[in-house]
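Chemist: Can you read through this structure? Questions will come right after.
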Amino acid sequence: MALTDFRFDLGRPSLNFIATVGSRLGEQPIERLDSTQRLSEWIGRAGIVPPNSRLPKVTARDLDAAISGVVTGVARATRQTSQSVLRAATVAMPELVGGSADLATSTGTVTGQRAVTRDDFSGEVLNFGIRELGMAAVLNGLSLHGGFRAYGSTFLVFSDYLRPALRLSAMMGQPVIYLLTHDSVAVGEDGPTHQPVEHLESLRLIPGLTVLRPADDVETAAAWRQALATRDGPTVLVLSRQSVPSLPIGSTRPDFLAADGGRVVRAVANPDVDLLATGSEVGLALGAADLLEAEGVRARVVSVPWRERHAAAASARDRAPITVSIEAGVTSGWAGLAAVRIGVDRFGASGKASDVLAHLGFTPAAVATRVAAAVRAETTDPGRR
């Protein structure tokens with residue numbers, strides 16, 4: 001729908017009502033505005049779209065072609081891969097508009113496109129300033145208007161500030177995309193105030209909100225595809241600050257996210273234990289699995305970027321005798337999926353990211369030790385768990 005097709009028909013009775021009430025209160029009647037004329041004048045000043053123009057239709061195949069080049073197999077932060085996807089997607093989808101709460105460089109939303117300014121509305125980037133709640137409210141407005149796919153970004157820990165508007169995104173079924181980066185205690189020196197531990201789990205509690213925490217470039221591209229394909233609610237992409245390895249692709253099917261919510265990145269015959277991990281902890285799980293193999297423990301590693309979808313499909317897959325979850329956040333949400341939960345049920349600490357992770361037990365050796373102990377306990381007393 002072109003902007004010139006839109007009419008403020010509902011505004012006319014409102015203005016008449018205000019004028020009537022004002023008159024009864026002894027005030028001068030409010031001038032009745034021709035909203036159609038005013039909108040036309042605004043469109044002329046803004047130089048937006050010509051009448052009856054239409055956006056090009058973008059198919060899933062077109063989008064795949066646009067973002068296929070971002071999967072490089074090189075270790076890098078998922079926020080950086082997300083930026084590559086965003087740049088490609090905005091070229092293919094001119095209706096994809098958004099920005100950040102004054103953190104564009106850090107969150108990977110610098111796309112090279114033009115910014116919307118007071119004098120020029122023809123850009124695609126909105127510089128929201130340090131106002132997360134205002135940003136999310138604007139994104140909802142763009143989505144409700146129609147004709148736009150809106151996205152916004154900030155650090156995961158600052159999702160507290162935008163939560164009321166994000167909750168409304170879910171309540172209204174608006175397909176807003178939220179890019180939340182710097183997703184764990186690996187933020188490092190910024191300390192506990194900037195290290196999210198409870199935020200990921202709290203977002204998963206919001207009905208109708210899809211929460212995706214990809215582990216590498218393949219999963220980040222898939223998460224973007226899923227977000228753009230979702231039309232009935234918002235999606236959060238939870239992205240890392242630090243570099244993560246590119247994981248083995250193996251037999252990953254293109255629709256693995258929608259089908260299962262996860263994928264096996266290390267397969268073994270007759271596994272003794274399943275290691276379920278998300279985001280940057282998938283690489284950690286792979287390192288622990290290698291150490292466990294040396295001890296004679298067969299560990300299958302499953303990356304679970306979409307935990308809720310993975311949990312819903314749990315009955316359709318085989319399971320190892322014991323399951324361990326590994327995620328750098330509070331562990332309460334894994335209770336129904338894992339007998340052993342390795343996480344961060346406390347606030348973080350200030351220091352180098354590697355030192356903080358080691359202090360909290362997030363090293364391959366520390367994880368392998370805990371998993372081996374769980375496997376031994378299961379072997380000795382299968383009913384214990």
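Take 1 as the starting number for the sequence shown in the UniProt record's numbering and just add one per residue.
Ideal Cβ positions, reconstructed from N, Cα and C, are used throughout, including at glycine.
Answer yes or no: do residue 218 and residue 249 have a C-beta to C-beta separation smaller than 8 angstroms?
Modeler: Start at 1 with the first residue of the sequence shown, and residue 218 comes out as number 218. Start at 1 with the first residue of the sequence shown, and residue 249 comes out as number 249. Going by C-beta atoms, residue 218 is nearer than 8 angstroms to residue 249.
Chemist: Let me make sure I understand the geometry here. Which of 182, 369, 328, 174 has the alpha-carbon closest to that of residue 239?
Modeler: For the purposes of this step, residue 239 is taken as the residue at position 239 of the sequence shown. Checking every option, the nearest Cα to that of residue 239 belongs to 182.
Chemist: Less than 8 angstroms between the CB atoms is what I'm expecting for residue 329 and residue 198, so what's the real figure, rounded?
Modeler: Taking the sequence shown and counting its residues from 1, the one referred to as residue 329 is at position 329. Taking the sequence shown and counting its residues from 1, the one referred to as residue 198 is at position 198. At roughly 7 angstroms, the Cβ-Cβ gap stays under 8 angstroms, so residue 329 and residue 198 are in contact.
Chemist: If we count the other Cβ atoms within 10 Å of its Cβ and call it buried at 16 or more, is residue 130 buried or exposed?
Modeler: Walking along the sequence shown from the start, residue 130 turns up at place 130. The residue in question, residue 130, is exposed, as its Cβ has fewer than 16 Cβ neighbours within 10 Å.
Chemist: Tell me the DSSP secondary structure of residue 12 in three-state form.
Modeler: In the sequence shown, counting from the first residue as 1, residue 12 sits at position 12. Residue placement at residue 12 cannot be trusted, given a pLDDT of 43 that sits under 50; what the coordinates show is reported in the next sentence. It is helical.
Chemist: Near residue 128, which residues of its chain fall below 6 angstroms by C-beta distance, leaving aside the five closest residues on each side in sequence?
Modeler: The residue you call residue 128 lines up with position 128 of the sequence shown. Same-chain partners within the cutoff: 99, 101, 135.
Chemist: Below 8 angstroms between beta carbons: does that hold for residue 245 and residue 291?
Modeler: Taking the first residue of the sequence shown as position 1, residue 245 is located at position 245. Taking the first residue of the sequence shown as position 1, residue 291 is located at position 291. Not a contact, by the Cβ cut-off of 8 angstroms.
Chemist: Which same chain residues, not among the five before or five after residue 31, have their C-beta less than 6 angstroms away from its C-beta?
Modeler: Locating residue 31 in the sequence shown gives position 31, counting from the first residue. Caution is warranted here: a pLDDT of 49 is assigned to residue 31, below 50, making its placement in the model unreliable, and the coordinate value is therefore given only provisionally. Cβ neighbours of residue 31 beyond the five flanking positions: none.
Chemist: Report the residue ranges of all beta strand (DSSP E) runs contained in full by the region 104-180; include only those spanning at least 3 residues, in chain order.
Modeler: Whole beta strand (DSSP E) segments, 3+ residues: 125-127, 149-155.
Chemist: Which residues in the same chain have their Cβ closer than 7 angstroms to the Cβ of residue 165, if we skip the five residues on either side of it in sequence?
Modeler: As a first step, residue 165 must be located in the sequence shown, where it is residue number 165. Excluding positions up to five away in sequence, the list reads 133, 136, 137, 140.
Chemist: Given a cut-off of 8 angstroms on the beta-carbon distance, is the pair residue 241 and residue 77 in contact?
Modeler: Residue mapping note: residue 241 aligns to position 241 of the sequence shown, counting from 1. Residue mapping note: residue 77 aligns to position 77 of the sequence shown, counting from 1. Result yes, Cβ atoms of residue 241 and residue 77 sit closer than 8 angstroms.
Chemist: Would you kindly work out how many angstroms separate the C-alpha atoms of residue 368 and residue 172, rounded to a whole number?
Modeler: Walking along the sequence shown from the start, residue 368 turns up at place 368. Walking along the sequence shown from the start, residue 172 turns up at place 172. So the alpha carbons of these two residues sit roughly 44 angstroms apart.
Chemist: To the nearest whole angstrom, what separates the beta carbons of residue 157 and residue 196, a pair I think is in contact under 8 angstroms?
Modeler: Taking the first residue of the sequence shown as 1, we reach residue 157 at position 157. Taking the first residue of the sequence shown as 1, we reach residue 196 at position 196. Yes, they are in contact, since the Cβ atoms of residue 157 and residue 196 sit about 4 angstroms apart, within 8 angstroms.
Chemist: Terminal residues of the continuous beta strand (DSSP E) containing residue 299?
Modeler: Here residue 299 is taken as the residue at index 299 of the sequence shown, counted from 1. Run containing residue 299: 299-303, per the beta strand (DSSP E) assignment.
Chemist: Can you tell me where the alpha helix (DSSP H) with residue 82 in it begins and where it stops?
Modeler: Residue 82 sits at position 82 when you count from the first residue of the sequence shown. Counting along the chain, the alpha helix (DSSP H) containing residue 82 begins and ends at 78-92.
Chemist: Which residues in the same chain have their Cβ closer than 8 angstroms to the Cβ of residue 10, if we skip the five residues on either side of it in sequence?
Modeler: Along the sequence shown, read from residue 1 onward, the residue named residue 10 stands at position 10. At residue 10 the pLDDT is 37, less than 50, meaning the model places this residue with poor confidence; the figure from the coordinates comes in the next sentence. Closer than 8 angstroms at the Cβ level, and outside the excluded window around residue 10, lies no residue.
Chemist: For residue 365, name the three-state secondary structure that DSSP assigns.
Modeler: Within the sequence shown, the letter at position 365 stands for residue 365. In the structure shown, residue 365 sits in a helix (DSSP, three-state: H, G or I).
Chemist: Grab the span of the alpha helix (DSSP H) containing residue 266 for me, first residue to last.
Modeler: What you label residue 266 is simply residue 266 of the sequence shown in a count that begins at 1. Where residue 266 is concerned, there is no enclosing alpha helix (DSSP H), although the beta strand (DSSP E) it sits in stretches over 263-266.
Chemist: If residue 221 and residue 71 are in contact, beta carbons under 8 angstroms, what's the gap, nearest whole angstrom?
Modeler: For the purposes of this step, residue 221 is taken as the residue at position 221 of the sequence shown. For the purposes of this step, residue 71 is taken as the residue at position 71 of the sequence shown. Yes, residue 221 and residue 71 are in contact; Cβ-Cβ is about 6 angstroms, under 8 angstroms.
Chemist: Exposed or buried, residue 212, counting other C-beta atoms within 10 Å across all chains shown (16 or more means buried)?
Modeler: Counting from 1 along the sequence shown, the entry for residue 212 is found at position 212. Classification of residue 212: buried, given that the 10 Å Cβ count is 16 or more.
Chemist: Alpha helix (DSSP H) containing residue 220: first to last residue?
Modeler: Position 220 of the sequence shown, counted from the start, is the residue given in the question as residue 220. From DSSP, the alpha helix (DSSP H) with residue 220 extends over 217-229.
Chemist: Within this structure, are the beta carbons of residue 275 and residue 324 separated by less than 8 angstroms?
Modeler: Taking the sequence shown and counting its residues from 1, the one referred to as residue 275 is at position 275. Taking the sequence shown and counting its residues from 1, the one referred to as residue 324 is at position 324. Closer than 8 angstroms, so yes.
Chemist: Closest to residue 268 by C-alpha separation, out of 92, 353, 300, would be which residue?
Modeler: The sequence position of residue 268 within the sequence shown is 268, counting from 1. Of the listed residues, the one whose Cα sits closest to residue 268 is 300.
Chemist: Count the other C-beta atoms from every protein chain shown that fall within 10 angstroms of the C-beta of residue 318, then say buried if there are 16 or more, exposed otherwise.
Modeler: In the sequence shown, the residue the question calls residue 318 occupies position 318. Looking at its Cβ environment, which holds fewer than 16 other Cβ atoms inside 10 Å, residue 318 is exposed.
Chemist: Contact check, residue 289 vs residue 266 under 8 angstroms by CB: the rounded distance?
Modeler: For the purposes of this step, residue 289 is taken as the residue at position 289 of the sequence shown. For the purposes of this step, residue 266 is taken as the residue at position 266 of the sequence shown. Contact flag correct, Cβ pair sits at about 5 angstroms.
Chemist: How would you label residue 296, buried or exposed, when you count the other beta carbons within 10 angstroms and need 16 or more for buried?
Modeler: Translated into positions along the sequence shown, residue 296 becomes position 296. Its Cβ having fewer than 16 others within 10 Å, residue 296 is exposed.
Chemist: Counting C-beta neighbours from all protein chains within 10 Å, is the total for residue 372 16 or more, i.e. buried, or is it exposed?
Modeler: Within the sequence shown, residue 372 is the residue found at index 372, counting from 1. Its Cβ being crowded by 16 or more others within 10 Å, residue 372 is buried.
Chemist: Helix, strand or coil for residue 370? Go by DSSP, reduced to three states.
Modeler: By one-based count along the sequence shown, residue 370 stands at place 370. Helix.
Chemist: Just grab the DSSP bridge partners of residue 275 for me.
Modeler: The residue labelled residue 275 in the question sits at position 275 within the sequence shown. Paired residues: 301, 324.
Chemist: Sorted by chain position, which residues of the same chain lie with C-beta nearer than 6 angstroms to residue 425's C-beta, five sequence neighbours on each side aside?
Modeler: Past the boundaries of the shown model lies residue 425; the chain is included only from 1 to 385, so the question cannot be answered.
Chemist: Ordered along the chain, which non-local residues of its own chain (more than five positions away) have a Cβ less than 7 angstroms from that of residue 203?
Modeler: Here residue 203 refers to the residue found at position 203 when the sequence shown is read from its first residue. Taken in chain order, the residues that qualify are 159, 209, 211, 236.
Chemist: State the DSSP-derived secondary structure class of residue 61, mapped to helix, strand or coil.
Modeler: Reading the sequence shown from its first residue, position 61 is the one you call residue 61. In this structure, residue 61 counts as helix in the three-state DSSP scheme.
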